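The block underneath contains the structure these notes are about, expressed in structure tokens.
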Amino acid sequence: MLVIKRLSALAATIGAGLGYAGAALAEAAAQPPGLGQPTPWQLGLQLSATPVMDSIISFHTGLLYVIAAISAFVLILLVIIMVRFNARANPTPSRTTHNTLLEVAWTLIPVAILVGVAIPSFRLLFFQLNMPAMSAEAGDVTVKATGKQWYWTYSYPDHGNFEFDSLMIRDPKLLNGRPRLLAVDNEMVVPVNKNIRIITTGAEVIHAFAVPSFGIKIDSIPGRINETWFRVTREGIYYGQCSELCGKDHAYMPIAVRVVSEEQFKTWVDGARKKFARDGAVPTTVATAEPTAVR
Ligand SMILES: [Cu+2]
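In this text, residue positions in the sequence shown follow our numbering: the first is 2, and each later residue adds one.
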């Protein structure tokens, strides 16, 4: 955690020095670099915006210490063997073949390490996969994200009959400081500090809904619904990408999630109901057995 903080601080300093930070992050002025989007020369994970990502980062950092300690231990053993037991330093080698205590130890100690890693790993897995209790009164929100070739369609099943497409902004002149290949025309909007359930499916091929700062990545599979959740603890704009090779424009169907206050979210829903109202026609997400002439 500390390492990542220091690295991101370093990245911010370098970025500012190169004059990059000002323009690129003008829009998300209050948002630290590395939160919600990648930074140039980034080394670690993106900063966390949810409790799940907090756990992922601390688990990742903890594992790094374990791995480093094991690697250092093995390296030290190798160096000792090379120095003390080479043919010159040790011309008459010992004929020992077995050492019961040593053999039991080098079996049991790795098992203990693996169990020690597995326990927090499974705890994190359950934390990610167990949906929290959703409460509409508390302002929790369900969003349906449909992966299409090659954009995302969002609808809010509990907030009215509207649905909208979210396409990448291709014209650099329209970016206004937002990140290239990540900014979209219609962002998904959710309230801060609420449980957000994402239900996702694919319209024609498998896509994957992933936002690094939220610690979520879930496949969007045609014909079935997958779900995941997040709870963002600070307002801002968070970017992700389709994370399943889905076709020629796989790289050009980013995900942009704008996290706002509850009041702003209500205002946005009122506007979206009018702007993106559906006419009651059969939604285009319904899979058809045969390709129609329109396609
Ligand atoms: Cu995709």
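A virtual CB, placed ideally from N, CA and C, is assigned to each residue, including glycine. Bear in mind that the values here come from a model prediction, so they are computed numbers and not experimental data.
Enumerate in chain order the residues of its own chain whose CB-to-CB distance from residue i is below 7 Å, with the five nearest sequence positions on each side excluded.
i           : result
residue 209 : 218, 219, 220, 221, 243, 244, 245
residue 1   : Any question about residue 1 goes unanswered here, given that the chain covers just 2 to 296.
For residue i, I'd like the list of residues in its chain whose CB is within less than 6 Å of its CB, leaving aside the five on either flank, ordered along the chain.
i           : result
residue 257 : 185, 188, 240
residue 28  : Low confidence applies to residue 28: its pLDDT is 48, below 50, so where it sits in the model is not reliable, and the reading given next is rough at best. Excluding positions up to five away in sequence, the list reads 178, 179.
residue 270 : 160
Buried or exposed for residue i, please, with buried defined as at least 16 other CB atoms from any protein chain shown within 10 angstroms of its CB.
i           : result
residue 254 : buried
residue 66  : exposed
residue 276 : exposed
residue 215 : buried
residue 153 : buried
residue 278 : exposed
residue 96  : exposed
residue 272 : exposed
residue 212 : buried
residue 34  : buried
residue 40  : buried
residue 48  : buried
residue 50  : buried
residue 266 : buried
residue 182 : exposed
residue 172 : exposed
residue 141 : buried
residue 53  : buried
Excluding the 5 residues preceding and the 5 following residue i in the sequence, name in chain order all residues of the same chain whose CB lies nearer than 8 Å to its CB.
i           : result
residue 118 : 64, 67
residue 167 : 152, 153, 154, 155, 185, 186, 187, 188, 189, 256, 257
residue 85  : 91
Compute the beta-carbon to beta-carbon distance between residue i and residue j, rounded to the nearest angstrom, for a pair I have assumed lies under 8 Å.
i           : j           : result
residue 138 : residue 192 : With a Cβ gap of about 13 Å, residue 138 and residue 192 do not count as contacting.
residue 128 : residue 56  : 6 Å
residue 236 : residue 260 : 5 Å
residue 37  : residue 170 : Contact doesn't hold; Cβ gap of about 16 Å is too wide.
residue 44  : residue 61  : Actually they are not in contact, since the Cβ atoms of residue 44 and residue 61 sit about 12 Å apart, beyond 8 Å.
Contact between the segment 226-234 and the segment 119-128 (3+ Cβ pairs under 8 Å): Short answer: they don't touch.
Taking 8 Å as the cut-off, does the segment 155-169 touch the segment 98-112 (at least 3 CB pairs, one atom from each stretch)? The answer is no - the segment 155-169 does not touch the segment 98-112, with fewer than three Cβ pairs under 8 Å.
Three or more beta-carbon pairs under 8 Å between the segment 140-149 and the segment 197-206, yes or no? Contact between the segment 140-149 and the segment 197-206 is present, with at least three C-beta pairs closer than 8 Å.
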